[in-house]
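Peer 1: Chains C and A, in that order, give the protein sequences. Note that the first sequence covers residues 237 to 516 in the numbering used here. Note that the second sequence covers residues 4 to 277 in the numbering used here. From the three backbone atoms N, C-alpha and C, an ideal C-beta is built for every residue, glycine too. I have a structure I would like to understand better, so I am pasting it below and will then ask my questions one at a time.
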Amino acid sequence: MAARPRIGDGPVAKTVVIGLVTLATLFMIIGPLAVIFYEALKLGLATYLTNLSTPDTRHAIWLTVATALVAVPINTAFGIAAAYAIAKFEFRGKGLLTALVELPFSISPIVAGVAYLFVYGGQGWFGPLLQDAGIKVMFAYPAIVLASLFVTAPFVAREILPLMQAQGNHEEEAAISLGASGWRTLWSVTLPNIRWALLYGIVLTNARVMGEFGAVSVVSGSIRGVTNTLPLQIELLYQDYNAAGAFAAATVLAGIALLTILAKLVVEWIEPGCSRGEAG
Amino acid sequence: MSRTVLPGFRLALGCTLAYLGVIVLLPLTALVWQSAGLGWTQFVAVVTSPRALASFRITVLAALGATAFNAVFGLGLAWVLARYEFPGKRLLDALVDVPFALPTAVAGVALTALFAANGWYGQLLEPLGIKVAYAPLGIMAAMAFTSVPFVVRSVQPVLEDLSEETEEAAATLGAGPLRTFMSVVFPAIFPAFLAGCSLAFARSLGEFGAVIFIAGNQPFRTEIAALLVFIRLEEYDYQSAAAIAVVMLAAAFAMLLVVNAIQLWHLRYMREGD
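Pasting the structure below:
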């Protein structure tokens, strides 16, 4: 039992600090969330639904889902492979590899988009080659997927790596010595052990793929009704002075963000401490 | 270190390296290659042109302002979440993740709506002569919003692990709360705090989606570096775009080195403390 209260535990200090922080959170975080739904719904539910079902917005939603359907499984597989190599084995250059996996996290999405332009665009390394072969990568669906892959590459690995490192190799080694194959061990030992962290990593990757704006806006060409993903559609509607339409589209992405956070809460509740520090 | 009997090392490492090579390293190399095509004199001329310099200055200053705000707000949030029990704490903790999960473009339109002259906040601020939307303050607000989680999530675990005994010792020796905080608590969380601030700053330097809606995007006044890259692309001036993007890339690498150095220092600091 502590003889003295810890600093800041006095009733006055505690109330003042909690009050100030809550007030700041109200303005900084709840305000922006609330205004999205307010602006989208202030003209009534009917207008909201009409705004959501315009052909361009529907196409943008579809394209966003189609991008996530391809990009999320690829980056999940990558995240598992990278975390498996880093967590389960000792090798030279491990620190460097970890830094490399996290690198996209530090790079501005605009820089990523420009970089892709110089690989697959008309001015890029493979641009002329692809053009001759009749394959359209830039300003088309493949480029949107590629840019999304770059931006969200680290997320699954970041979520599962700390857990895999903490768990060590014993269970896998037991399974192998009992005669299980490598794939069998991965499927019935390694992955079940990290399932909740992995699930949250996938959900987070999905949210970031669907919400990616900077990188995709460079590589997609923002062709109305063709290569406009949902975030780009929001920008387009907003610039057309169709604020209600922009906010209607924004509610879809805000809803996905809220579901993502809900998933994190559920995962933390099931397995405390397994999804910590994704921002740092 | 005993060697593990686990299979699949070559396959996992091979796939990881191949993927990183194609998805991350290839484009970054192409970017640097393209900017090298300019030649050194041209490169310097592009990145030191008055408009580019102005965009760098605006980006860095706004990122510094946003980081300063989050240094205080983030530390307060981390403190409240780590030290107190109160109703709604779980909700507050979950809200910290909102800026991280909300797409930047959505954050951008939301903040613009709030701070516009007829918005919820703008109505209150504009009569006081404080203009946020379409002004440098707006850039700061957007950067501050998107980088809130970094300071909180860096400091929070360290604050939670802080032992009670050192604080008690300081109090027993007669130190007041402020003195105890400054001489015992703050030094213990300082490396994590600094790392969190650096991450927030790095993120702010590269922020695009949230900023462009609220900034107004006037050259020399509210045009950030990332937007200038975008504008040069739209003008088909690919090499200038590459040059400015390379400067941003270099800044990102420099910040990465700073963060890693702080984290190494932090680890050593923790070990000495044990």
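(1) Classify residue 177/A as buried or exposed, calling it buried when 16 or more other Cβ atoms lie within 10 Å of its own Cβ.
(2) Indicate the three-state DSSP secondary structure (helix, strand or coil) for residue 294/C in the structure shown.
(3) What residues in its chain sit with their C-beta under 8 Å from that of residue 280/C, if we drop five residues either side in the sequence?
(4) Could you give the DSSP three-state label for residue 34/A: helix, strand or coil?
(5) Taking 8 Å as the cut-off, does the stretch 51-58 of chain A touch the stretch 210-229 of chain A (at least 3 CB pairs, one atom from each stretch)?
(6) Using a Cβ-Cβ distance cut-off of 8 Å, determine whether residue 196/A contacts chain C.
(7) Please list the partners that residue 251/A has in chain C, where partner means a Cβ-to-Cβ separation under 7 Å.
(8) Would you kindly report the start and end of the unbroken alpha helix (DSSP H) that includes residue 347/C?
(9) Any beta-carbon of chain A closer than 8 Å to the one on residue 359/C?
(10) Just to confirm, is the Cβ distance from residue 377/C to residue 455/C under 8 Å?
(11) My output table needs one value for residue 409/C: the three-state DSSP class, helix, strand or coil.
(12) Check this for me: beta carbons of residue 81/A and residue 159/A, under 8 Å apart or not?
(13) Quick one: list the residues of chain C neighbouring residue 30/A, beta-carbon separation under 8 Å, in chain order.
(14) Using the Cα positions of residue 248/C and residue 431/C, report the straight-line distance between them to the nearest angstrom.
(15) Here's a check: name, in chain order, each residue in its chain whose Cβ is nearer than 6 Å to the Cβ of residue 307/C, leaving out the five neighbours to either side.
(16) Would you say the beta carbon of residue 58/A is closer than 7 Å to some non-hydrogen atom of the ligand SAH?
(17) Could you tell me which of 314/C, 482/C, 262/C and 359/C sits nearest to residue 148/A, measuring between CA atoms?
(18) Let me know the secondary structure DSSP gives residue 515/C once reduced to three states.
(19) Does the beta carbon of residue 405/C come closer than 8 Å to any beta carbon on chain A?
(20) Should the stretch 320-334 of chain C be regarded as contacting the stretch 479-487 of chain C, the criterion being three or more beta carbon pairs within less than 8 Å?
(21) Below 8 Å between beta carbons: does that hold for residue 392/C and residue 447/C?
(22) By Cβ distance below 7 Å, which residues in the same chain neighbour residue 357/C in space, the five residues on each side in sequence not counted?
(23) Please list the residues of the stretch 59-91 of chain A that have a C-beta atom closer than 7 Å to any C-beta atom in chain C, keeping them in chain order.
Peer 2: Once the coordinates are examined:
(1) Walking along the second sequence from the start, residue 177/A turns up at place 174. Its Cβ having fewer than 16 others within 10 Å, residue 177/A is exposed.
(2) Within the first sequence, residue 294/C is the residue found at index 58, counting from 1. Three-state result, residue 294/C: helix.
(3) Here residue 280/C is taken as the residue at index 44 of the first sequence, counted from 1. The answer is none, since no qualifying residue turns up.
(4) Here residue 34/A corresponds to residue number 31 of the second sequence, with the count starting at 1. If DSSP states are grouped into helix, strand and coil, residue 34/A belongs with the helices.
(5) Cβ pair count under 8 Å is three or more, so yes.
(6) Here residue 196/A is taken as the residue at index 193 of the second sequence, counted from 1. Chain C contact via Cβ: absent.
(7) Numbered from its first residue, the second sequence carries residue 251/A at position 248. 344 and 347, listed in chain order.
(8) If you number the first sequence from 1, residue 347/C lands on position 111. That run of the alpha helix (DSSP H) goes 345-356.
(9) Working through the first sequence from its first residue, we reach residue 359/C at position 123. It does: the Cβ of residue 359/C has a partner Cβ on chain A nearer than 8 Å.
(10) The residue you call residue 377/C lines up with position 141 of the first sequence. The residue you call residue 455/C lines up with position 219 of the first sequence. No, these two residues do not count as a Cβ contact at 8 Å.
(11) Here residue 409/C refers to the residue found at position 173 of the first sequence. Residue 409/C falls in the helix class under three-state DSSP.
(12) For this step, residue 81/A is matched to residue 78 along the second sequence. For this step, residue 159/A is matched to residue 156 along the second sequence. Yes, the Cβ-Cβ distance between residue 81/A and residue 159/A is below 8 Å.
(13) As a working mapping, residue 30/A is identified with position 27 in the second sequence. Ordered by position in chain C, the residues that pass the 8 Å Cβ test against residue 30/A are 348, 351, 352, 354, 355 and 386.
(14) Position 12 of the first sequence, counted from the start, is the residue given in the question as residue 248/C. Position 195 of the first sequence, counted from the start, is the residue given in the question as residue 431/C. Distance between the alpha carbons of residue 248/C and residue 431/C: 43 Å.
(15) The count along the first sequence starts at 1 and reaches residue 307/C at position 71. 381, 384, 385 and 445.
(16) This structure does not include the ligand SAH; it has no bound ligands of any sort.
(17) Position 145 of the second sequence holds residue 148/A. Checking every option, the nearest Cα to that of residue 148/A belongs to 262/C.
(18) Locating residue 515/C in the first sequence gives position 279, where the first residue counts as 1. Interpretation of residue 515/C is limited by its pLDDT of 41, a score under 50 that renders its predicted location unreliable; the figure taken from the coordinates is listed afterwards. When DSSP states are grouped into helix, strand and coil, residue 515/C belongs to the coil group.
(19) Walking along the first sequence from the start, residue 405/C turns up at place 169. Chain A, which has a Cβ nearer than 8 Å to the Cβ of residue 405/C, makes this yes.
(20) Verdict: no, contact absent.
(21) As a first step, residue 392/C must be located in the first sequence, where it is residue number 156. As a first step, residue 447/C must be located in the first sequence, where it is residue number 211. No, the pair does not count as a contact, with Cβ atoms beyond the cut-off.
(22) Locating residue 357/C in the first sequence gives position 121, counting from the first residue. Around residue 357/C: 363 and 374.
(23) 76, 79, 80, 82, 83, 86, 87 and 89
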